[in-house]
Every structure is written in C-alpha cells, then in structure tokens.
Amino acid sequence: MMKWLKKCYLALVLIFLYVPIIVLIVQSFNAGKSRAKWEGFSLRWYIELFQDERTLQALFVTLSIAVLAMIVSTVLGTLAAIGIHAMKKRPQALMMTLTNLPNTMPDIVTGISLMLLFIFTKVERGYVTMLLAHITFDTPYVILSVLPKLKQMNRHTYEAALDLGATPMYALFHVIIPQCKQGIITGAMLAFTLSLDDFTISYFTTSPLVQNLSTLIYSSARKGIDPSLNALSALMFVALLVLLLIVNRRTAEDK
Amino acid sequence: MRSDMSLPWWAWAAMGVGLVAFAAMVGVTIRRNRGIHRSLFASPYTLWMIIFTVVPVILIGYYAFTDANGAFTLDNFKNFWDSNFNANKSILAAGEAVGQDYSAYITRGTVNVDTLVYSLWMAFLCTVICLLLGYPAALIMADRKMKLGPTLVVLFIIPMWMNFLLRTIAWMSLLEDSGLINTFLKWLGFEGVQLMYNSEAVLLGMVYNFLPFMVFPIYTALSKMDFRLSEAAADLGCNSWQTLYKVTMPLSIPGIVSGITMVFMPSVTTFFIPRVLGGGNTMMFGDLIEAKFLTEGNWNVGSALSLIMMLLILVSLSILRKADPNGEGGGIA
C-alpha cells in the first residue's frame, strides 16, 4: 500500500514535469498555428523549419558556441584544477573563492557585468563576446567537477611515476589526467548543457544580429512563437534522448 | 544609453598594476621552483577570471558609486530607497530657487523596495514549495527497496534538455483563457478560470523550472547516507516517522541546504518567467535591473540595484553555510 502511494506520488511529480514537454511536442505536429486548437496532424512545421534561415542560423550559433565553449573551458578548467590542487593553502583558498564567485552571482548580474566590460573595451557584441561569456561561466563548473577526483587520487602514484623516470609532463598526461578522466567528462558534459540552455547571459552579451535559440525564442515570445521552434526543440530532445540511450548502453557493456 | 563610456585614468592604472602584479607572481613562482611548477597550470585560468569576472564586477561597483558625470555619489543607493529621488531633488531645488519650501510636494517612490520585497517573498514561497514537493520525491528515489534511483534521476534531468523558455511558453498554452485547462473545464461544463497573468502563475512557472535543483542535492545526500543508521533506529524502537525526523532528516541537511541555495538564488533574480506568465502584472527584481540597463539606460542606478542584490544573496548564502559548515552539500553532480 505504502509502496503504491509512493510510486503514485513520484508519478504525479513526473507528470508535472513532463506535461509542458508533451504539449510542446504535440503542438509541433499540429497543422494550424494556434496553440490551443488541434487542426490535424501534419509535418508542416518540420518542413518549414528546414527552410527557415533565421532558425537554422540560431541553431548553428547555439551548437557551435556550446561545442567551442565546452572544449576551451574543459582544457582551461582541467589545467586550473591541477594547478589549484598543487597550490599551497592560502593561494588555494583564494582561487576557490574566485571559482565560486560566478556561481554565487546571479546570472543577470554576470550578464550585465560582462556587457559593461564589452561596451567599455569597445568590443562589438556578437558571436565572439557570447563565446567568451560562455567560457567564463562554464569553466568554474569544470574545475568543481575535476577537483574532487584529484583529491581522491593517491598522491604517491604521481611521485612513483617520477621516481620511475617519468618527466612531470609525461606523468601529467599518463598518470594524473587518466585518473580524473571521469571528472573531466562530467565537467565537459555539464559545460555543454549549461551553454546550450543559457539565456540570460547570452541575452546581455550578444547583439540582435547574432542570436542563439534562447534569444531568438525570447525575441519572438511576444509575437507568438513560431511552431517550427517547437519542432526544432522536439527534434533536439529526441536527438539527446537517443544519445543518452547509446551512452547508457555503452557504459552497461563496459561493466 | 550613455555616451561617455571612458574610465578615469586611475582605473586604467589599477588594471595595469594588476596585470603587472600577476606577471610578477608567475615569474617569482617560476624562479623559486626553478622551472614550471604545477601550480602554474592555473595561471591561464586566473588571468581569464581576472579579465572576465573580477574586472566586470569592479565596473559594476564603479558605476554604482558614481553619477552620470563620473563623480562619486551615493545617490544611486538613495534611489533604491526612494525611486523618485531625482525628481524630488529637482523639486526641492526649484523651491529653493524661488525661496519657498516645496517639501510638501515630495512623495517617496517605493517601486524598487516593493519589487525587492515581492521578489524575496516569491522566491521564499517557491523554495518552500520546492522543498515540500521535492523532499518526499528525493526520499522515495533514494529508497533502496524501490531500486529506482538512477533511472529516476535521468527522468528528472531529461525535461531540462528542452529549452527552458519554450517549456515556460508551453505552460502558457495550458493556462491561458483559451488554453487546454480551460477548454477541458468548459467541456466538463464548468466556468472558465483566469489562470494566467497573476502571481500564482509565475510561482507555478518558477516551481516547475527549479524543482529538479531541489531534488538532486537532497537525493545525493540521502543516497550517500549509511542506510544501516535508519535500520538501527528501527531496531532500537523508532517507528518510521521517528526515524525520518530524528535520523534521516538531520543527516540530509547538507543536501537540503544546497537545494535551498540552488532554488532560492535563481528565483530571486528570475526575469523571463514573470514576463511570460505574469504578463507584466508582476515585476521581479531581475526585470527591474534589466529595465534600468536596457530600457532606461540608467547604468548607475542599475548597478546599485545589482550590488544590492549581490549583497543580499551573499548574506543569505553565508547564513545558509552556517547550517552546513563543511559544505558537504555539493553541487548537481
């Protein structure tokens, strides 16, 4: 009885979380433009999506920025984590404060402060500034996922590698990095996801000429969303789902 | 937008000194260790953070304490307390010019304070609701007998892959007057209800968006817990409620603290949800700051408001940290 109740509760919470997503996917197959009225099944919006220059452009901006920001912030963050780990106590504490600062700052303040920086340095806001902003908010998350792995590591393996004649660089690539691989991957995934879904910081660091999906959706929210955006997000959703299933299967096989 | 965007010479000088100091520190470390010490791997990141985090924050601070001409002033903070501050100042000055006391014509504008109080209240409600909804969910997920944990975590993450703006807009098609819920009610023969454009709708949108951030850390804390402790409590005669109150809950406090932080912070500053689901009837502090910068172009007051918000968040974080001194709560992972 109790078990049944518990399952029901969880099911209700999950329904709450999934209802809007189902609505969205259903709408993407609606023949009409209306949000509420069902006018028959059609793939119209999926076809329009691939003819809509603006949406495809935004998709390209979103994905390329997510990938680039992920790569740069993973390299920058992993190096930084290794460096911070090797530091003495006081500089280490200082660096951790610096790393935690962006997490404690509200997104809107981060966005605005970067906007001020770009306006000041007279850098035209656009693709590059958005990328810089994304790297900035991604990197601390990479550090925070790599650092625990470094702390778990046995110190002596590195020293043993040195004793056995490895150069520090060799030891870094063949001893330290392989051991915190899991943390690096987690950090990279986190960076990618955060960048993909970011709206607030992108909104302040780009110009209306260069839009990612979030800012495009925002600017069209008042006029009424183009259903082809629903179609696009349904496609992305399914793509990520398939990706997840593949990854899951592979990790299951590894075990 | 402001036309004059140059910093005073001393700001440039300070930045130059900072860069030189950074280079010097790197140099000293290299000399002292006679080569590249591993701690130097952090230097590209340090430089990055100085340019893209520290300097921008200093810029906000600079604006908050200066007026449109770049002179030092506290007026921007007074403006927070009285949004008519500038208008009142000119009224008084006009009075002085004709030798009369115009202070009777002064009214205090409370928009800024009211918005802040409203935002804090909404964020508080959102956090409480998320905690009440999320704790039982996390508890059930962590239940070893159900063996559902990891799968369910994925089920909670998947919705976050949909762009959050689109998900919020999807709520619109459920809630609006001609939306699904109202259509359904009318089909059942009831009157339609106004569900959108009020605080409740905004609250719903906030809870919807932030609930997973409450569930994950609590779930992590609960699943890390030694389950034998609760078994021991049961063996020693606690019933299941007592076990929950006296053993499980106190042990999951780090998770609760981190969940509260992760929900409260973004909800105070949320600025898209109120616009869509509140339809302009509700204004939150994030909207106010955005309007000050982008609509009014008043960077000084906007910066002062941003500083006040940062301060508030830092204070509430440090209070929360007291409940979890070791910072065990961890993040999302």
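Protein chains in written order, with the numbering used here: chain P, 221 to 475; chain S, -19 to 313.
Think of the CB as a built atom: it goes at the ideal place given N, C-alpha and C, for glycine as much as any other residue.
| Check | Outcome |
| --- | --- |
| Taking only the alpha-carbon atoms, compute the straight-line gap between S:TRP101 and S:ILE149 and give it to the nearest angstrom. | 23 Å |
| Can you tell me the Cα-Cα spacing of P:TRP265 and P:PRO447, whole angstroms? | 6 Å |
| DSSP state of P:LEU234, grouped into three classes? | helix |
| Identify which residue in P:GLN247, P:GLN277, P:LEU299, P:TRP224 has its Cα closest to the Cα of S:GLY159. | P:GLN247 |
| Please look up how many angstroms separate the CB atoms of P:PRO326 and S:ILE293, rounded, as I've assumed it's under 8 Å. | 6 Å |
| Taking Cβ positions only, does S:TRP167 come closer than 8 Å to chain P? | no |
| Taking C-beta pairs closer than 7 Å, name the residues in chain S that P:SER262 reaches, listed in chain order. | Going along chain S, no residue has its Cβ under 7 Å from P:SER262, so there is no contact; the nearest lies around 18 Å. |
| Beta-carbon separation of P:ALA381 and P:VAL366 under 8 Å? | no |
| How about S:HIS17 and S:THR26: are their beta carbons less than 8 Å apart? | no |
| Identify which residue in S:GLY169, S:SER99, S:PHE207, S:PHE144 has its Cα closest to the Cα of S:SER179. | S:SER99 |
| What is the DSSP secondary structure of S:THR46, counted as helix, strand or coil? | strand |
| Does the region 138 to 154 of chain S come close enough to the region 213 to 227 of chain S that 3 or more CB-CB pairs lie under 8 Å? | no |
| Residues of chain P with CB closer than 8 Å to the CB of S:ILE149, please, in chain order. | ILE437, ALA441, ILE445 |
| Below 7 Å on C-beta distance, what does P:THR324 contact in chain S? | ILE293, LEU294, LEU297 |
| Near S:ARG(-18), what residues of its chain come up, given a Cβ to Cβ distance below 8 Å and the 5 sequence neighbours on each side ignored? | Any reading at S:ARG(-18) is ruled out, since the residue's pLDDT is 48, under 50, leaving its predicted position unreliable. |
| At what residues does the alpha helix (DSSP H) containing S:SER238 begin and finish? | 233 to 249 |
| Assign P:PHE270 to one of two classes, buried (16 or more other C-beta atoms within 10 Å of its C-beta) or exposed (fewer than that). | exposed |
| Would you grab the beta carbon distance between S:MET176 and S:GLY259 for me? Rounded to a whole angstrom, and I think it's under 8 Å. | 6 Å |
| Step through the CB atoms of chain P and report whether any lies within less than 8 Å of the CB of S:VAL32. | In the sequence on display, residue 32 of chain S carries Phe and not Val. Taking Cβ atoms only, chain P reaches closer than 8 Å to S:PHE32, which makes this a yes. |
| Quick one: give me the first and last residue of the alpha helix (DSSP H) that S:LEU191 is part of. | 179 to 204 |
| Answer yes or no: do P:PHE338 and S:LEU39 have a C-beta to C-beta separation smaller than 8 Å? | no |
| In this structure, does DSSP put P:ASN450 in helix, strand or coil? | helix |
| Looking at the strands, I want to know which residues DSSP matches up with P:PHE412. | Note: P:PHE412 sits in no beta bridge, so no partner. |
| Taking S:TYR25 as the query, report the chain P residues whose CB atoms sit under 8 Å from its CB, ordered along the chain. | LEU296, GLY297, LEU299, ALA300, GLY303, THR359, ILE363 |
| Confirm the yes/no value for this check: CB of S:LEU54, any heavy atom of the ligand MG, distance under 7 Å. | The ligand MG is absent from the structure shown, which contains no ligands of any kind. |
| Counting pairs of Cβ atoms below 8 Å between the region 159 to 170 of chain S and the region 451 to 469 of chain P, do you hit three or more? | no |
| DSSP puts S:PHE57 in a beta bridge; with which residues? | In the DSSP output, where bridge partners are listed per residue, S:PHE57 has none listed. |
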